[in-house]
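Q: Chains as they are written, first to last, in my numbering: chain F, 2 to 213; chain G, 2 to 213.
Protein chains: 2
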Amino acid sequence: MVNENFTATEQKIIEAAQLEFSEKGLSGARMQSIADKAGINKALLHYYYRSKDKLFEVVFKMLFRSIIPRVEEILNKEIDLFEKIRIFVETYINLIQSSPQIPMFIMHELSSNPKRLSQMVALAGLNVEKSPLKKQLDELIASGKIRPIEIEQLMINILSLCIFPIVAKPISMTVLYNGDEKAYQQMIEMRKKSVAEFVINAIKNTDYEELT
Amino acid sequence: MVNENFTATEQKIIEAAQLEFSEKGLSGARMQSIADKAGINKALLHYYYRSKDKLFEVVFKMLFRSIIPRVEEILNKEIDLFEKIRIFVETYINLIQSSPQIPMFIMHELSSNPKRLSQMVALAGLNVEKSPLKKQLDELIASGKIRPIEIEQLMINILSLCIFPIVAKPISMTVLYNGDEKAYQQMIEMRKKSVAEFVINAIKNTDYEELT
DNA sequence: GTCTATAGTTAGATAGAC
DNA sequence: GTCTATCTAACTATAGAC
Numbered sequence: 002m003v004n005e006n007f008t009a010t011e012q013k014i015i016e017a018a019q020l021e022f023s024e025k026g027l028s029g030a031r032m033q034s035i036a037d038k039a040g041i042n043k044a045l046l047h048y049y050y051r052s053k054d055k056l057f058e059v060v061f062k063m064l065f066r067s068i069i070p071r072v073e074e075i076l077n078k079e080i081d082l083f084e085k086i087r088i089f090v091e092t093y094i095n096l097i098q099s100s101p102q103i104p105m106f107i108m109h110e111l112s113s114n115p116k117r118l119s120q121m122v123a124l125a126g127l128n129v130e131k132s133p134l135k136k137q138l139d140e141l142i143a144s145g146k147i148r149p150i151e152i153e154q155l156m157i158n159i160l161s162l163c164i165f166p167i168v169a170k171p172i173s174m175t176v177l178y179n180g181d182e183k184a185y186q187q188m189i190e191m192r193k194k195s196v197a198e199f200v201i202n203a204i205k206n207t208d209y210e211e212l213t
Numbered sequence: 002m003v004n005e006n007f008t009a010t011e012q013k014i015i016e017a018a019q020l021e022f023s024e025k026g027l028s029g030a031r032m033q034s035i036a037d038k039a040g041i042n043k044a045l046l047h048y049y050y051r052s053k054d055k056l057f058e059v060v061f062k063m064l065f066r067s068i069i070p071r072v073e074e075i076l077n078k079e080i081d082l083f084e085k086i087r088i089f090v091e092t093y094i095n096l097i098q099s100s101p102q103i104p105m106f107i108m109h110e111l112s113s114n115p116k117r118l119s120q121m122v123a124l125a126g127l128n129v130e131k132s133p134l135k136k137q138l139d140e141l142i143a144s145g146k147i148r149p150i151e152i153e154q155l156m157i158n159i160l161s162l163c164i165f166p167i168v169a170k171p172i173s174m175t176v177l178y179n180g181d182e183k184a185y186q187q188m189i190e191m192r193k194k195s196v197a198e199f200v201i202n203a204i205k206n207t208d209y210e211e212l213t
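(1) Give the residues from the stretch 191-203 of chain G that approach chain F closer than 9 Å (Cβ to any Cβ), ordered along the chain.
(2) F/Leu-188 versus chain G: which residues are under 9 Å apart at the beta carbon?
(3) Taking the beta carbon of F/Ala-184 as the centre, do at least 16 other beta carbons fall within 10 Å, making it buried, or is it exposed?
(4) Got a sec: which bits of the stretch 157-182 of chain G sit with their beta carbon under 9 Å from any beta carbon on chain F, in order along the chain?
(5) The stretch 39-73 of chain G: which residues have C-beta closer than 9 Å to a C-beta of chain F, in chain order?
(6) For F/Phe-22, which residues of its own chain have a beta-carbon under 7 Å away from its beta-carbon, when the five flanking residues on both sides are left out?
(7) Taking buried to mean at least 16 other C-beta atoms within 10 Å of its own C-beta, is G/Ala-9 buried or exposed?
(8) What residue range does the alpha helix (DSSP H) around G/Lys-135 cover?
(9) Taking a Cβ distance cut-off of 7 Å, strictly less, list which residues of the stretch 122-140 of chain G are near chain F, in chain order.
(10) Secondary structure at G/Ile-214, three-state DSSP: helix, strand or coil?
(11) Would you mind telling me which residues of chain F sit closer than 8 Å to G/Ser-28, beta carbon to beta carbon, in chain order?
(12) Using the C-alpha atoms, what's the distance from F/Ile-164 back to F/Arg-71?
(13) Can you tell me which of F/Glu-24, F/Ile-15 and F/Asp-54 puts its alpha carbon nearest to the alpha carbon of F/Ala-36?
(14) Quickly, what does DSSP pair G/Ile-147 with across the bridge? List them, please.
(15) Which word fits G/Met-191, buried or exposed, when buried means at least 16 other C-beta atoms lie within 10 angstroms of its C-beta?
(16) In this structure, does DSSP put F/Met-2 in helix, strand or coil?
(17) Taking 6 Å as the limit between beta carbons, can you name the residues of its chain near G/Phe-83, skipping five residues before and five after?
(18) In the structure shown, what three-state DSSP assignment does G/Lys-183 receive?
(19) Terminal residues of the continuous alpha helix (DSSP H) containing G/Arg-66?
(20) Taking Cβ-Cβ distances shorter than 9 Å, what residues in chain F pair up with G/Met-108?
(21) Just to confirm my understanding: we take G/Thr-213, look at its own chain, exclude 5 residues before and 5 after, and list those with CB closer than 6 Å. What are they?
(22) Within 10 angstroms of its Cβ, does F/Leu-124 collect 16 or more other Cβ (buried), or is it exposed?
(23) I need the DSSP call for F/Thr-92, collapsed to helix, strand or coil.
(24) Among F/Tyr-178, F/Ile-80 and F/Tyr-50, which one has its Cα closest to the Cα of G/Glu-153?
(25) Going straight from the alpha carbon of F/Gln-137 to that of F/Val-90, what length do you get?
(26) Measure how close the beta-carbons of G/Leu-27 and G/His-109 come, nearest whole angstrom, since I'm counting them as under 8 Å.
(27) Given F/Ile-86, which residues of its chain have a CB within under 8 Å of its CB, disregarding the five upstream and five downstream residues?
(28) Excluding five sequence neighbours on each side, which residues of the same chain lie with their C-beta closer than 7 Å to the C-beta of G/Pro-149?
(29) With DSSP run on the structure shown, which of helix, strand or coil describes F/Thr-175?
(30) Determine, using beta carbons only, whether F/Val-3 comes closer than 9 Å to chain G.
(31) Under 9 Å, do F/Met-32 and F/Lys-13 count as touching if we go by C-beta distance?
(32) Check whether chain F comes within 9 Å of G/Arg-148, counting only Cβ atoms and requiring the distance to be less than that.
(33) Would F/Ile-119 pass as an interface residue toward chain G - the criterion being a Cβ-Cβ separation below 9 Å?
(34) Does G/Leu-20 come within less than 9 Å of chain F when only Cβ atoms are used?
(35) Whose C-beta lies closer than 8 Å to the C-beta of G/Ser-173 among residues of the same chain, with five residues either side of it excluded?
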């Protein structure tokens, strides 16, 4: 996760901060707690990052920049759409699972400062409308292989199915499994395959299949 | 939203608090800001609710209790499963749309205090495994009308598709629509119908259709 | 670069008048 | 019940020694 040439101390701070911010959000996080997690003291945090807000900004940008390329890479690969969906779902759920704080971290940030995100998106040069994925999707719709669906709707459906169950872990674990952690983990594990099939079945055009 | 016999002041406080808590979360919320929104002063908040935590608890419980019965009612209705999904999706997206803070509010709460939720769920007597919906689902699977799927997976899929796009409004609005609010609203509007069809197509057993 | 000590600020909570 | 004024605690941020 930490990639640039930081000193050992900087790395420890970034890691500790990421953990604290995603657990507690910007306002809930405590500089003291970050310092403790990093095994240093408060003053050093300010020495490196001046203020809580600056530190947050740094951590946020790093996280964001580490995710975007991975997503883009998969989406723009030259492979069959259904295969792409399978790979994307599995990779993405694994990614979130390994750092379940990330989505919450980003969502925390968003509600308080939506502008920051748009700057970063613009900077990353993301544009769904002009993506190779859209072209691929439109061709399959035109040929009748899949049902008509807007790329935005498809993307948001896939993202919802991958992200929400993990972000809302306490809800699903409690409401669906009476707090059974193991059952919940099994469910997530299953979803690495089942979500892709769910999506594929949802968009596959069955009329077309009958013709082949 | 406010239903019991509260005084006018209490109502104003509850409404203001709900707004503030869902915008900022528990830690980000300010008693001063709640007082301002309610048009009273800080001291009065403490007069009525003793502490910030108590106030939060009251607001949270009220919200939770207002949602559960509505969800249960739809899910246990004696109607066709596909029709049930259509009604549920439309009602649920409308509900969240009218109070988009609710999911964030609940999720904020969850990360900080998962136990509170389980108490409330237990209290509400929710149990998916024993619900009429599960029976209905299992029958349709047995008869081959829909593909095998666990009720928990189906529920979490539907909830994800309804809740996430609204909770993650800033993400989707920015990433998918370059910040165009109107385009985003249109997308949500479409989803009131399209999500149900997406889910139905995903679970419908096409082999069975061919047989009929 | 890293620490201890402390200054400065904010915000939750209480006391007491009306 | 509602207000103003105030206390106290928590937390961010800085100063200054090593």
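C-beta atoms are modelled at their ideal positions from N, C-alpha and C, and glycine is treated no differently.
A: Once the coordinates are examined:
(1) Result list: Met-191, Arg-192, Ser-195, Val-196, Glu-198, Phe-199, Val-200, Ile-201, Asn-202 and Ala-203.
(2) For the purposes of this step, residue 188 of chain F is identified with residue 187 of the first sequence, where counting begins at 1. First, the residue type needs correcting, since residue 188 of chain F is Met and not Leu in the sequence shown. Chain G residues near F/Met-188: Glu-151, Glu-153, Gln-154 and Ile-157.
(3) On the first sequence, residue 184 of chain F is found 183 positions in, with the first residue counted as 1. F/Ala-184 comes out exposed.
(4) Residues passing the 9 Å Cβ filter: Ile-157, Asn-158, Leu-160, Ser-161, Leu-162, Cys-163, Ile-164, Phe-165, Pro-166, Val-168, Ala-169, Lys-170, Pro-171, Ile-172, Ser-173, Met-174, Thr-175, Val-176, Leu-177, Tyr-178, Asn-179 and Gly-180.
(5) Going along the stretch 39-73 of chain G in chain order, one finds no residue with a Cβ nearer than 9 Å to chain F.
(6) The residue labelled residue 22 of chain F in the question sits at position 21 within the first sequence. Excluding five sequence positions before and after F/Phe-22, the CB atoms of its chain that fall closer than 7 Å to its own CB belong to Ala-30, Phe-57, Val-60 and Phe-106, given in chain order.
(7) Here residue 9 of chain G refers to the residue found at position 8 of the second sequence. So G/Ala-9 counts as exposed.
(8) Numbered from its first residue, the second sequence carries residue 135 of chain G at position 134. For G/Lys-135, the enclosing alpha helix (DSSP H) begins and ends at 133-143.
(9) For the stretch 122-140 of chain G, the set of residues with a beta-carbon nearer than 7 Å to any beta-carbon of chain F comprises Val-122, Leu-127 and Val-129, in chain order.
(10) Since the first and last residues shown for chain G are 2 and 213, residue 214 of chain G lies out of range.
(11) For the purposes of this step, residue 28 of chain G is taken as residue 27 along the second sequence, with counting starting at 1. Annotation: Cβ neighbours of G/Ser-28 in chain F (cutoff 8 Å, chain order): Lys-25, Gly-26, Ser-28 and Gly-29.
(12) The sequence position of residue 71 of chain F within the first sequence is 70, counting from 1. The sequence position of residue 164 of chain F within the first sequence is 163, counting from 1. Near 16 Å, if we compare the C-alpha coordinates of F/Ile-164 and F/Arg-71.
(13) Taking the first sequence and counting its residues from 1, one reaches residue 36 of chain F at position 35. Nearest Cα to F/Ala-36 within the set F/Glu-24, F/Ile-15 and F/Asp-54: F/Ile-15.
(14) Within the second sequence, the letter at position 146 stands for residue 147 of chain G. Looking at the DSSP assignment, G/Ile-147 forms a beta bridge with G/Lys-205.
(15) As a first step, residue 191 of chain G is located in the second sequence; it is residue number 190 there, counting from the start. For G/Met-191, the number of other beta carbons within 10 angstroms of its own is below 16, and it is reported as exposed.
(16) For the purposes of this step, residue 2 of chain F is identified with residue 1 of the first sequence, where counting begins at 1. The pLDDT assigned to F/Met-2 is 48, lower than 50, so where the model puts this residue is not dependable, and the model offers no usable value.
(17) Mapped onto the second sequence, residue 83 of chain G falls at position 82. Correct list, in chain order: Ile-201.
(18) What you label residue 183 of chain G is simply residue 182 of the second sequence in a count that begins at 1. The answer is helix: DSSP assigns G/Lys-183 an H, G or I state.
(19) For the purposes of this step, residue 66 of chain G is taken as residue 65 along the second sequence, with counting starting at 1. Looking at the DSSP string, the run of the alpha helix (DSSP H) that includes G/Arg-66 is 53-77.
(20) Taking the first residue of the second sequence as position 1, residue 108 of chain G is located at position 107. Neighbours of G/Met-108 in chain F, taken as residues at a C-beta separation under 9 Å, are given in chain order as Met-105, Met-108, Val-168, Ala-169, Pro-171 and Ile-172.
(21) Your numbering for residue 213 of chain G matches position 212 in the second sequence. Here G/Thr-213 scores only 49 on pLDDT, less than 50, and its place in the model should not be relied on; the value that follows carries that caveat. Close CB contacts of G/Thr-213 within its chain, under the 6 Å cut and outside five residues either way in sequence, are absent.
(22) As a first step, residue 124 of chain F is located in the first sequence; it is residue number 123 there, counting from the start. Exposed: under 16 other Cβ atoms inside 10 Å.
(23) For this step, residue 92 of chain F is matched to residue 91 along the first sequence. F/Thr-92: helix per DSSP, three-state reduction.
(24) Reading the second sequence from its first residue, position 152 is the one you call residue 153 of chain G. Among F/Tyr-178, F/Ile-80 and F/Tyr-50, the Cα nearest to that of G/Glu-153 is on F/Tyr-178.
(25) Counting from 1 along the first sequence, the entry for residue 137 of chain F is found at position 136. Counting from 1 along the first sequence, the entry for residue 90 of chain F is found at position 89. Straight-line measurement puts the Cα of F/Val-90 at about 18 Å from the Cα of F/Gln-137.
(26) Translated into positions along the second sequence, residue 27 of chain G becomes position 26. Translated into positions along the second sequence, residue 109 of chain G becomes position 108. Separation of the CB atoms of G/Leu-27 and G/His-109 is rounded to 6 Å, and the pair is thereby assigned contact status at 8 Å.
(27) The count along the first sequence starts at 1 and reaches residue 86 of chain F at position 85. Exclusion of the five residues before and after F/Ile-86 leaves Ile-159, Ala-197, Val-200 and Ile-201 as the residues of its chain whose Cβ lies within less than 8 Å of its Cβ.
(28) Looking up residue 149 of chain G in the second sequence gives position 148. Around G/Pro-149: Ile-142.
(29) Within the first sequence, numbered from 1, the residue matching residue 175 of chain F stands at position 174. Of the three classes helix, strand and coil, the one that applies to F/Thr-175 here is helix, per DSSP.
(30) Here the question's residue 3 of chain F lines up with position 2 in the first sequence. Reliability fails at F/Val-3, whose pLDDT of 47 lies under 50, so the model's placement of it is uncertain and no value is given.
(31) Position 31 of the first sequence, counted from the start, is the residue given in the question as residue 32 of chain F. Position 12 of the first sequence, counted from the start, is the residue given in the question as residue 13 of chain F. It is not a contact, given that the beta carbons lie outside the stated cut-off.
(32) Indexing the second sequence from 1 puts residue 148 of chain G at position 147. G/Arg-148 counts as touching chain F.
(33) Counted from its first residue, the first sequence places residue 119 of chain F at position 118. For clarity, residue 119 of chain F is Ser in the given sequence; the question names Ile instead. For F/Ser-119, the answer is yes, since a Cβ of chain G falls inside 9 Å of its Cβ.
(34) Here residue 20 of chain G is taken as the residue at index 19 of the second sequence, counted from 1. No, G/Leu-20 lies away from the interface with chain F (no Cβ there is under 9 Å from its Cβ).
(35) Within the second sequence, numbered from 1, the residue matching residue 173 of chain G stands at position 172. Excluding positions up to five away in sequence, the list reads Pro-166, Tyr-185 and Met-188.
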